[in-house]
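Participant: Residue numbers (this note's numbering): 1105 to 1256.
Glycine included, each C-beta is placed from N, C-alpha and C at the ideal position.
This structure is a prediction, so every number in the text was calculated from the model and none was measured.
This is the structure in structure tokens:
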């Protein structure tokens, strides 16, 4: 869980960095980096950076929602398992057999949902990582051109 938390924090940090970069006037530097010419160059650079930041923010929000949904499903699984244990303690075990089977099936379904959410979170983290890598590469190219975006 700590690893996923760190990933989410890095995505949030990337979104904040992207916003700061956009706000600090890196659009002009990006015109040189991306070889855009004319007045539209700054607009294009700004749009590129803003869209990247929006994607990271959207992925971060999606991860947050998926993580909350996963936690709710895990609680539901825990509750279903407890119901099974409670059913085993009661008399009339034969009547409870079908209920236990049903509860076990529900647990399996919920666990499958959790696994699916984990896959979605991992895919979103991968997409955010790719965007962050592209932004890092753009920053490195700017710095190699002698443009320090952090001292404006």
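If contact is defined by three or more beta carbon pairs under 8 Å, each pair taking one atom from either stretch, is the region 1239-1252 in contact with the region 1167-1184?
Facilitator: Result no; under three Cβ-Cβ pairs closer than 8 Å.
Participant: Does DSSP put residue 1249 in a helix, in a strand, or in coil?
Facilitator: If you number the chain shown from 1, residue 1249 lands on position 145. Coil at residue 1249, not helix or strand.
Participant: Is the beta carbon of residue 1156 closer than 9 Å to that of residue 1212?
Facilitator: Position 108 of the chain shown, counted from the start, is the residue given in the question as residue 1212. Position 52 of the chain shown, counted from the start, is the residue given in the question as residue 1156. Cβ atoms of residue 1212 and residue 1156: not closer than 9 Å.
Participant: Alpha carbon to alpha carbon, how far is residue 1191 from residue 1159? Give it in angstroms, no decimals.
Facilitator: Residue 1159 sits at position 55 when you count from the first residue of the chain shown. Residue 1191 sits at position 87 when you count from the first residue of the chain shown. One C-alpha to the other measures close to 47 Å.
Participant: Return the residue from the list 1240, 1228, 1233, 1237 that minimises the CA-CA distance to residue 1169.
Facilitator: The residue you call residue 1169 lines up with position 65 of the chain shown. Ranking the options by Cα distance to residue 1169, first place goes to 1228.
Participant: Among the candidates 1204, 1175, 1209, 1223, whose CA atom is the shortest distance from the CA of residue 1187?
Facilitator: Along the chain shown, read from residue 1 onward, the residue named residue 1187 stands at position 83. Of 1204, 1175, 1209, 1223, the residue nearest in Cα terms is 1204.
Participant: If we cut at 9 Å on Cβ distances, does residue 1154 have a partner in chain B?
Facilitator: You won't find chain B in this structure, because it holds only one protein chain.
Participant: Please report the straight-line C-alpha distance between residue 1153 and residue 1230, rounded to a whole angstrom.
Facilitator: Position 49 of the chain shown holds residue 1153. Position 126 of the chain shown holds residue 1230. Those two C-alpha atoms are separated by around 19 Å.
Participant: Residue 1216 to residue 1173, Cα distance in whole Å?
Facilitator: Position 112 of the chain shown, counted from the first residue, corresponds to residue 1216. Position 69 of the chain shown, counted from the first residue, corresponds to residue 1173. The straight-line gap from Cα to Cα measures roughly 13 Å.
Participant: Considering only residues of the same chain and omitting the five flanking positions on each side of residue 1238, which have a CB-CB separation below 8 Å?
Facilitator: Along the chain shown, one-based indexing puts residue 1238 at 134. Closer than 8 Å at the Cβ level, and outside the excluded window around residue 1238, lie 1156.
Participant: In or out: residue 1232 buried (at least 16 other Cβ within 10 Å) or exposed?
Facilitator: In the chain shown, the residue the question calls residue 1232 occupies position 128. That one is buried.
Participant: Since residue 1225 and residue 1162 are thought to touch, with beta carbons under 8 Å apart, how far apart are those beta carbons, to the nearest angstrom?
Facilitator: The residue you call residue 1225 lines up with position 121 of the chain shown. The residue you call residue 1162 lines up with position 58 of the chain shown. Not quite, the Cβ-Cβ distance comes to about 14 Å (not below 8 Å), so this is no contact.
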